[in-house]
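For the sequence shown, this note's numbering assigns the number 1145 to the initial residue and increments by one for each residue that follows.
Below is one structure; the comments refer to it alone.
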Amino acid sequence: MFDFEAALTALTDVGLTLLVLAIAVVLIEAVLYLVLVRWRKSRMALPFMLLAPGIIAILVLYGYPLLYEFNLSFTKMNIRNFVEPGLLGLTWEGTILEGTPLAAEEDIFVGLQNYIDVFTMPVLRQTSVYQLFLQTIIWTVVNVFFHVLLGIGLALLLNRKMRGRTFYRALLILPWAIPVVASLQIWRTEFNYEFGAVNQLLGLIGLGPVPWMSDPFWNFVAMILTNIWLGVPFMMVITLGGLQAISSEYYEAAEIDGATARQSFSKITLPLLRPVLIPAILLGTFLTFNNINVPFFINAQQLETSDILVSGVYRAGIQYTRFGFGAAFAFVVFGILLLFTIWYVRQTKVLKGAYAS
1145 MFDFEAALTA LTDVGLTLLV LAIAVVLIEA VLYLVLVRWR KSRMALPFML LAPGIIAILV
1205 LYGYPLLYEF NLSFTKMNIR NFVEPGLLGL TWEGTILEGT PLAAEEDIFV GLQNYIDVFT
1265 MPVLRQTSVY QLFLQTIIWT VVNVFFHVLL GIGLALLLNR KMRGRTFYRA LLILPWAIPV
1325 VASLQIWRTE FNYEFGAVNQ LLGLIGLGPV PWMSDPFWNF VAMILTNIWL GVPFMMVITL
1385 GGLQAISSEY YEAAEIDGAT ARQSFSKITL PLLRPVLIPA ILLGTFLTFN NINVPFFINA
1445 QQLETSDILV SGVYRAGIQY TRFGFGAAFA FVVFGILLLF TIWYVRQTKV LKGAYAS
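Next comes the structure, spelled out in structure tokens:
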């Protein structure tokens, strides 16, 4: 039976919490403004005040959980040791299971052992972090390659004058517009061995059914095909916007000089698309690398040969209830992405224009 009083109490608590946060933000903004005005009467007072809510939101929504997760990574917290870890697991405050056979141990601090275990022991039942890393690299490279290739190709086609161009644009953006969960539920149905549309289409051209959901290789292929379908519209829209920003005068001058279509593409289109494509590829790489939706839905049978790093973190930390180990595993993945970002920024010099005097 619905407990109206409990629901009202919960709503009241939420409302009071939001009110306190709003008052805190206003007070912090006021203090920042007064301090910055008095500090050399800085003209940056207003920008800092306007940025304050965003900074506070980032610290609350990202900073605190990140620090809590980092603290958790030094403990052996799991379903048995389900306690408030305190600082580095050194503070034990009891457990809801206290007094039962599942009561937590008082000392759950393990130091760097979780990080050592990530590199020396299977992170899943049989799979090491190195295998997951290799699968993630293959997954990311193949997906991003086809996202960029097909995205640029479709953008070039849609940038030309053609009948029904608006309809084609809407149709090609559709995979991006449909909610991801709904799309993946449909795709998982289409990969069914007996009744799925994919195997039925293969049968029409004389090919036998493929065990998309049970065979390790074909399940990984099914994941890639699904993610390509989902990711191409994003790259297409970004590229199309970049193409429409290129003045037609460049192509007219190249045509007068006798340049071929291939030369115009390599000497005009690609260089002028570079400022658009580099951030898009970087964002696409992050989104693909951290994409847990596709492995979660398409890898319905939890084949470890189809898992990538982020789905491995989910299984290790949530499904296997190894919270401390999962936190350490997550920070290892974060470190990998951080190193890739630093390398990519240095190689592409994407921030050079921002800091050039």
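Yeah, the Cβ is synthetic: ideal placement off N, Cα and C, and Gly gets one too.
The bridge partners DSSP lists for PHE1253 are THR1219. Unbroken alpha helix (DSSP H) runs of no fewer than 4 residues, entirely contained in the stretch 1381-1414, are found at 1392-1400 and 1405-1408, following chain order. The continuous alpha helix (DSSP H) containing GLU1334 extends over residues 1324-1334. Its chain contains LEU1302 as the residues whose beta carbon lies nearer than 7 Å to that of ARG1309, once the 5 sequence neighbours on both sides are disregarded; these appear in chain order.
Membership of VAL1342 in the alpha helix (DSSP H) is indicated by the continuous run 1341-1348. Take the alpha-carbon of VAL1342 and the one of ASN1336: they are about 8 Å apart. In this structure, the beta-carbon distance from LEU1384 to ALA1321 does not fall below 7 Å. Counting C-beta pairs closer than 8 Å gives three or more between the stretch 1274-1294 and the stretch 1422-1441, which meets the contact rule. Contact between the stretch 1447-1466 and the stretch 1388-1400 is absent, with fewer than three C-beta pairs closer than 8 Å. Residue state for VAL1267 is assigned as coil, using DSSP reduced to three classes. Proximity to THR1370 across GLN1463, THR1449 and TRP1283 peaks at TRP1283, based on C-alpha coordinates. For TRP1487, the enclosing alpha helix (DSSP H) begins and ends at 1467-1492. A direct Cα-to-Cα measurement between VAL1354 and THR1429 gives close to 29 Å.
The beta carbons of GLN1329 and PHE1440 sit about 11 Å from each other, so the pair does not count as a contact at 8 Å. Around the CB of PHE1311, fewer than 16 other CB atoms lie within 10 Å, so the residue is classed as exposed.
Minimum Cα-Cα distance from PHE1469 among the listed residues TYR1206, GLY1255, ILE1167 and THR1280 corresponds to GLY1255. For GLN1279, the enclosing alpha helix (DSSP H) begins and ends at 1273-1302.
Taken through DSSP and simplified to helix, strand or coil, VAL1227 comes out as strand. In this structure, PHE1364 keeps its C-beta atom at 7 Å or more from the C-beta atom of SER1272. The shortest CA-to-CA distance from VAL1381 to any of ALA1403, LEU1315 and PRO1266 is the one to LEU1315. Taking a contact to require three or more Cβ pairs closer than 8 Å, the stretch 1257-1266 and the stretch 1463-1479 qualify as touching. Its chain contains LEU1346 as the residues whose beta carbon lies nearer than 8 Å to that of GLY1352, once the 5 sequence neighbours on both sides are disregarded; these appear in chain order. Counting the other Cβ atoms within 10 Å of the Cβ of PHE1218 gives 16 or more, which makes it buried. Assignment of SER1450 by DSSP, reduced to helix, strand and coil, places it in the helix class.
With respect to the 7 Å criterion, ALA1472 and VAL1262 are classified as neighbours on the basis of their beta carbons. The three-state reading of DSSP puts PRO1355 in coil, since its state is none of H, G, I, E or B.
Around the beta carbon of VAL1325, a 10 Å sphere encloses fewer than 16 other beta carbons of the protein chains shown; the residue is thus reported as exposed. Short of 7 Å from the beta carbon of TRP1362, and not among the five residues preceding or following it, lie these beta carbons of its own chain, in chain order: VAL1354, PRO1355 and TRP1356.
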